[in-house]
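Visitor: Here you go, one structure.
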Amino acid sequence: MVDMEKLAEFGVVQERGKSLTEQVADRISDMIREQAIHNGQKLPNEFELAAILNVGRGTVREAVKLLVSRNVLEIKRGKGTYVKKIPGVVDDPLGFSYIRDRRQLSKDLLEVRLLLEPQIAALAAVRATEEDIKEITALCDEVEALIRSGDSHLGKDVELHSRIARSTRNQVMPNLIPIITKGVNFIGGVVKRALVEESIETHRQITEAIAAHDPEAAREAMRLHLVYNVEALKRQEEQERQN
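As structure tokens, then:
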């Protein structure tokens, strides 16, 4: 829950050279940066923000729209306005959606993931807290359950990889998550359900290594997880050539 008393410190002070809307947007951003409002948390309503910032509701509304356009906030219909889990990071920062050759993109993304994710897993094994481990384990369980039930697991798969990256406590890692996210989605779409047992097994190995704070085991488990994806793509290409 948002601490309304803490928010009271963020009243708008008039600045020259900036519109009132921009100033209000800056103050809301300050609230997020200084964790008066946390990532993923719901903002106070327009009335409350207007009172806190000593401006009109219309100005608050325009400032919120500005921050939505900057990918800092998101409006959930019927629920309210929320801080993005990774404020400022766009969904497709590297323009993957404009690349037509999905198979080649999958290969290229796997090369990048092989460079990044084994080390991310190793850092997670060193730095993960008990809370991190608890959440990673829960996500690993959810992914396995979805796979075994035949339901789409890609969304939870993305959450799992993203949660591992966040547990490194490296401030840059959250900005790399879009690469990982898109990689999981594109590769999942190309190889479909060819990696059911391999995904379950290697996700479990990664999770257990992080829980044991064993960076070498975590690095190797993540490397193996990605190598399985590489091999699945190769097998699929070979089958298509033979057909």
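For what it's worth, numbering that gives the first Met the number 0 labels the leading residue of the sequence shown as 0, then goes sequentially.
The C-beta atom is built at its ideal place from N, Cα and C for all residues, glycine as well.
Determine, using beta-carbon pairs with one atom in the segment 204–222 and one in the segment 118–132, whether at least three such pairs fall under 8 angstroms.
Guide: Cβ pair count under 8 angstroms is three or more, so yes.
Visitor: Report yes if the C-beta distance between Cys139 and Thr206 is below 8 angstroms; otherwise report no.
Guide: Cβ distance < 8 angstroms, so Cys139 and Thr206 count as in contact.
Visitor: Go through its chain and collect everything with a Cβ distance to Arg134's Cβ below 7 angstroms, but skip five positions before and after it.
Guide: Per the sequence shown, the amino acid found at residue 134 is Glu instead of Arg. Arg162, listed in sequence order.
Visitor: Please determine if the segment 22–39 and the segment 60–71 are in contact, where contact requires at least 3 C-beta pairs separated by less than 8 angstroms.
Guide: In short, these stretches touch, since the Cβ pair count reaches three.
Visitor: What would DSSP say about Leu153, mapped onto helix, strand or coil?
Guide: The answer is helix: DSSP assigns Leu153 an H, G or I state.
Visitor: Check this for me: beta carbons of Leu223 and Leu109, under 8 angstroms apart or not?
Guide: Contact flag unset, no.
Visitor: Out of Ala220, Gln235, Lys17, Asn174, state which residue places its alpha-carbon closest to the alpha-carbon of Thr201.
Guide: With distances taken between Cα atoms, Thr201 lies closest to Ala220.
Visitor: Indicate whether Ile132 and Ile199 have their beta-carbon atoms separated by less than 8 angstroms.
Guide: No; because the gap between Cβ atoms is not below 8 angstroms, this pair is not in contact.
Visitor: Can you find the residues in the same chain that come closer than 6 angstroms, C-beta to C-beta, to Val241, ignoring five residues on each side of it along the sequence?
Guide: Reading off the sequence, residue 241 comes out as Gln, not Val. Nothing meets the Cβ criterion.
Visitor: Where does Glu33 fall in DSSP's three states?
Guide: Of the three classes helix, strand and coil, the one that applies to Glu33 here is coil, per DSSP.
Visitor: Let me know the secondary structure DSSP gives Gly79 once reduced to three states.
Guide: Here Gly79 sits in strand by DSSP.
Visitor: Provide the residue(s) that pair with Leu72 in DSSP beta bridges, ordered along the chain.
Guide: Per DSSP, Val82.
Visitor: Which stretch, first to last residue, makes up the alpha helix (DSSP H) that contains Ser105?
Guide: 101–126 is the extent of the alpha helix (DSSP H) around Ser105.
Visitor: Where does Lys41 sit, in a helix, a strand or coil, going by DSSP?
Guide: Correct three-state label for Lys41: strand.
Visitor: Select from Gly55, Thr58, Asp107, Leu65 the residue whose C-alpha is nearest the C-alpha of Val229.
Guide: Of Gly55, Thr58, Asp107, Leu65, the residue nearest in Cα terms is Asp107.
Visitor: With DSSP run on the structure shown, which of helix, strand or coil describes Thr167?
Guide: In this structure, Thr167 counts as coil in the three-state DSSP scheme.
Visitor: Quick one: residues in its chain with C-beta nearer than 8 angstroms to the C-beta of Thr128, no 5 flanking neighbours on either side, listed in chain order?
Guide: Closer than 8 angstroms at the Cβ level, and outside the excluded window around Thr128, lie Ser166.
Visitor: Take the Cβ of Asp29 as the centre, count every other Cβ of all protein chains shown within 10 Å, and call the residue buried at 16 or more, exposed below.
Guide: Asp29 is exposed by the Cβ-count criterion.
Visitor: Give the straight-line distance between the Cα atoms of Leu19 and Met172, rounded to the nearest whole angstrom.
Guide: So the two alpha carbons sit approximately 33 angstroms from each other.
Visitor: Using a Cβ-Cβ cut-off of 7 angstroms (strictly less than) and excluding sequence neighbours within five positions of Glu73, which residues of its own chain qualify?
Guide: Excluding residues within five positions, the ones whose Cβ falls inside 7 angstroms are Val67, Tyr81, Lys83.
Visitor: If distances are taken between C-alpha atoms only, which option among Gln238, Arg203, Ala144, Gly182 comes closest to Pro92?
Guide: Comparing Cα-Cα distances from Pro92 to each of Gln238, Arg203, Ala144, Gly182, the minimum goes to Gly182.
Visitor: Within the present structure, is the beta-carbon of Asn70 separated from the nearest heavy atom of the ligand MG by less than 7 angstroms?
Guide: In the structure on display, the ligand MG does not appear, and there are no ligands present to speak of.
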